[in-house]
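Shown next, in structure tokens, is the structure this report addresses.
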Amino acid sequence: MEKIRGILIDIRPEYDFLEDIDFIEAGMLDSFDIITLVTDLEENFDIRIDGSDILPENFCSIKAIENLIEKSGGVL
Numbered sequence: 001m002e003k004i005r006g007i008l009i010d011i012r013p014e015y016d017f018l019e020d021i022d023f024i025e026a027g028m029l030d031s032f033d034i035i036t037l038v039t040d041l042e043e044n045f046d047i048r049i050d051g052s053d054i055l056p057e058n059f060c061s062i063k064a065i066e067n068l069i070e071k072s073g074g075v076l
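The sequence shown stops at residue 76 when you use the UniProt record's numbering, and every number in between is there.
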């Protein structure tokens, strides 16, 4: 969780990503941030995220991102 949170903070340092809210709905992440996040996750977790998985619901919380990483073959 902390590794993911660190990546998120690198992308958007103005947020702490500790709140239990939808990051997309709250405006904490936009589509450009998602593209950056996908690249960072792939590099940090040595995974390949399928294009069909690049959906807002897979990036709306740290738990959703963890699930995406595991689905993509990554180890947390």
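Even glycine gets a Cβ: it sits at the ideal position worked out from N, Cα and C.
- Counting the other CB atoms within 10 Å of its CB gives I69 a total of 16 or more, which places it among the buried residues.
- With a 10 Å radius around the Cβ and a threshold of 16 neighbouring Cβ atoms, F45 comes out buried.
- Relative to E42, the option among E57, D16, E66 whose CA is nearest is E66.
- The UniProt domain "Carrier" (1-73) is shown to contain whole alpha helix (DSSP H) runs of 4 or more residues at 2-11, 31-45, 62-71, in chain order.
- Just so you know, the alpha carbons of L29 and G73 end up roughly 24 Å apart.
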